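Student:
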Amino acid sequence: MEIGQIQPVYLHDLSQYQRILQQRNHFLKQAQIKRKHDSTMWQILTEQFIEVAVKLTKRRADFIERLEQFAVPIHFEISRELENLKLEYRPSVELEGSNAAEWQANLYKKMESIAQREIDRGVTLIGPHRDDLFFYVNDQNVQVFGSQGQQRTTALSVKLAEIDLIFEETGEYPVLLLDDVLSELDDFRQSHLLAAIQGKVQTFVTTTSIDGIDHATLNDATTFWVEKGTVTKR
Numbered sequence: 001m002e003i004g005q006i007q008p009v010y011l012h013d014l015s016q017y018q019r020i021l022q023q024r025n026h027f028l029k030q031a032q033i034k035r036k037h038d039s040t041m042w043q044i045l046t047e048q049f050i051e052v053a054v055k056l057t058k059r060r061a062d063f064i065e066r067l068e069q070f071a072v073p074i075h076f077e078i079s080r081e082l083e084n085l086k087l088e089y090r091p092s093v094e095l096e097g098s099n100a101a102e103w104q105a106n107l108y109k110k111m112e113s114i115a116q117r118e119i120d121r122g123v124t125l126i127g128p129h130r131d132d133l134f135f136y137v138n139d140q141n142v143q144v145f146g147s148q149g150q151q152r153t154t155a156l157s158v159k160l161a162e163i164d165l166i167f168e169e170t171g172e173y174p175v176l177l178l179d180d181v182l183s184e185l186d187d188f189r190q191s192h193l194l195a196a197i198q199g200k201v202q203t204f205v206t207t208t209s210i211d212g213i214d215h216a217t218l219n220d221a222t223t224f225w226v227e228k229g230t231v232t233k234r
């Protein structure tokens, strides 16, 4: 997800989280090997970990909630009003409480309760690195039960939603790359996708055949043919 494009501070938090996670995992691994640990160091690393983990979890939850608002109507239209899309962000630990201080305090209690398990395993067992994001179409997990077309449509709906969300936040559309996606869409979904991006989003599309692309789109595009490493403009 492109959270960093609309919230640059997210990338800073993510980098900090990864660094602290690495330090904490190293500490836990050493505690596992030596069969003892410094409780003060555990507390310091855990408090640092929790502070950043809460920030990441809250930013992700807020982003997914906003993204869903854009993605649902897009998917509904692309699917000819036959499919309802739902996004479910499932953090490894729910934020319990009404503010950051309560979230951190409750997460600390949770990590205290699994401290020995983490030492036995030599690794951090909960946190944003273990979060999941699920997509449902008509209440069915599309990653598990969806057809290839449904999975591709879901991915495109989310991508188009990201583009609209980024534009709303920054006033600019990002560059879009579509790697051989048109061949897996029916004519209606393909036409809707191209109409949604035409004239507003600079897009690079790769495909093995242009037969299914309408002439209006091709007339507005610059086409290149790649064969055996040679690029030819058409």
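Just so we're aligned, residue 1 is where the sequence shown starts under the numbering used here, counting upward by one. The beta-carbon is built from N, C-alpha and C at its ideal position, and this holds for glycine as well. On a predicted model such as this, the values are computed, not experimentally measured, just so you know.
Since I64 and L107 should fall inside the 8 Å C-beta cutoff, what is the C-beta to C-beta distance between them, to a whole number of angstroms?
Tutor: In fact, because the Cβ distance is near 19 Å, the residues do not count as touching under 8 Å.
Student: Short of 7 Å in beta carbon distance, which residues of its chain neighbour S92, apart from the five on each side in sequence? Order them along the chain.
Tutor: Cβ neighbours of S92 beyond the five flanking positions: I126, G127, R130, D131.
Student: Output the residue ranges of the beta strand (DSSP E) runs that lie fully inside the region 119 to 172 and measure 3 residues or longer, sorted by chain position.
Tutor: Taking only runs of at least 3 residues, the beta strand (DSSP E) segments lying wholly in the region 119 to 172 are 132 to 137.
Student: Quick check on DSSP: helix, strand or coil for R35?
Tutor: Note: R35 maps to coil in three-state DSSP.
Student: Is it true that the CB of G122 sits closer than 8 Å to the CB of L56?
Tutor: The answer is no: Cβ separation not under 8 Å.
Student: Hey, how far is the Cα of E81 from the Cα of I3?
Tutor: In a straight line, the C-alpha of E81 is about 28 Å away from that of I3.
Student: Can you name, in chain order, every residue of its own chain whose Cβ lies under 7 Å from the Cβ of G229, other than the five neighbours on each side?
Tutor: Within the same chain, G229 has no close Cβ partners at all.
Student: Taking three-plus beta-carbon pairs below 8 Å as touching, is the region 160 to 174 in contact with the region 94 to 102?
Tutor: No contact exists between the region 160 to 174 and the region 94 to 102.
Student: Can you say whether E88 is buried or exposed, counting buried as having 16 or more other CB atoms within 10 angstroms of its CB?
Tutor: Exposed, because fewer than 16 other Cβ atoms sit within 10 Å of the Cβ of E88.
Student: What would DSSP say about L82, mapped onto helix, strand or coil?
Tutor: Residue state, collapsed to three classes: coil.
Student: State the DSSP-derived secondary structure class of R90, mapped to helix, strand or coil.
Tutor: Correct three-state label for R90: strand.
Student: Taking Cβ positions, are Q202 and T217 nearer each other than 8 Å?
Tutor: No, the Cβ-Cβ distance between Q202 and T217 is not below 8 Å.
Student: For D179, which of helix, strand or coil comes out of DSSP?
Tutor: DSSP places D179 in strand when its eight states are reduced to three.
Student: When the distance is taken between beta carbons, is L176 closer than 8 Å to I163?
Tutor: For I163 and L176, yes; Cβs fall inside 8 Å.
Student: If we call anything under 8 Å between Cβ atoms a contact, is Y17 one with R59?
Tutor: Not in contact: Y17 and R59 (Cβ atoms no closer than 8 Å).
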